[in-house]
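Everything below concerns the one structure shown next.
Residue numbers (the numbering used here): 56 to 367.
Here it is in structure tokens:
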């Protein structure tokens, strides 16, 4: 009987292990990819075989995100989150939703009378994507190895779309990450007053490095090892502005910017954090790309540095 019991127990153990139901070993790998979408935000969370997209940049970024996903055989998204309905966060989302099977679409329930937002709503309706509204205190289910808490907004709207951004606290083992949307200093002050443990390994810096976010007290409390700023090179707003950068530098954070690094992927487990980037492909300023189209047609000339640099 004892040998039969051990055999049965072994079979049960193997079944549980193979089905992924066994407790997390504390060393689960998680990827956060911050896309180079120009002036906007888009981030993909991957853990095991589950995916969550947070924002999708402006309209022109949508196909680039799709191409990146397809190149990695990602054909579906378990969760898509729109932090708030500004076009630099949701403009590319209809393109993504049309081509990627989506488990659930999540936002804070804020309406916005713009064609961009209307197109997004019509896309959700047309493709019959389940829709959920979240507020502070809610959780987003993705994978047992990760906890995703919604820290903002409250049930009562602030009246400001930026301050009504969905703020996500993502935890896996002892690692923690904060994605701030475009939330401003008033939201940071609210989180500080609630005496949350805001310390995080990674901070997606709010509002592209605007001085209206990332106050010194908040940055000191979060004290991130890694800070990601998503923005366009030479943008008209002057982002990132000097105060947030100074506060992050003083806090000892390593700052990574999509305008300089391109698409940034942060790979995390309990032992290490690795940051890699796919630098943007930009022509060299030493090459007159408009005048070299003809010379780059032959097979031999395609090894010419200017032909390679100009992509012709």
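In this text, a Cβ means the ideal position worked out from N, Cα and C, and glycines have one as well.
Note that the coordinates shown come from a computational prediction; the quantities given were computed from them, not determined experimentally.
- Per the C-alpha coordinates, the member of 208, 228, 104, 248 positioned closest to residue 235 is 208.
- Counting other Cβ atoms within 10 Å of its Cβ, residue 165 reaches 16 or more and is therefore classed as buried.
- For residue 327, the number of other beta carbons within 10 angstroms of its own is below 16, and it is reported as exposed.
- For the 8 Å CB-CB criterion, residue 257 and residue 87 form a contact.
- Taking a contact as a CB-CB distance under 8 Å, the pair residue 218 and residue 102 does not count as one, their CB atoms being some 29 Å apart.
- Close CB contacts of residue 172 within its chain, under the 6 Å cut and outside five residues either way in sequence, are with 140 (chain order).
- Where residue 182 is concerned, there is no enclosing beta strand (DSSP E), because DSSP gives it neither an H nor an E.
- By the Cβ rule, the region 220 to 239 counts as touching the region 263 to 282, because three or more pairs are nearer than 8 Å.
- Scanning its chain for C-beta atoms nearer than 7 Å, with the 5 sequence neighbours on each side dropped, one finds around residue 272 the residues 247, in chain order.
- For residue 176, the secondary structure class from DSSP, reduced to helix, strand or coil, is helix.
- Taking every protein chain shown into account, the CB of residue 288 has fewer than 16 other CB atoms within 10 angstroms, so this residue is exposed.
- Where residue 311 is concerned, the enclosing beta strand (DSSP E) starts and stops at 309 to 312.
- Excluding the 5 residues flanking it on each side, residue 279 has same chain C-beta neighbours closer than 6 Å at 255, 257, 258, 308, in chain order.
- Residues of the same chain with a CB within less than 6 Å of the CB of residue 184, apart from the 5 flanking positions on each side, are 157, 160 in chain order.
- Excluding residues up to 5 positions away in sequence, 178, 182 lie with their Cβ nearer than 8 Å to the Cβ of residue 153 in the same chain.
- Within the same chain, 264, 265, 266 come within 7 Å of residue 296 by CB-CB distance, once the 5 residues on both sides are set aside.
- The beta-bridge partner set that DSSP reports for residue 154 is empty.
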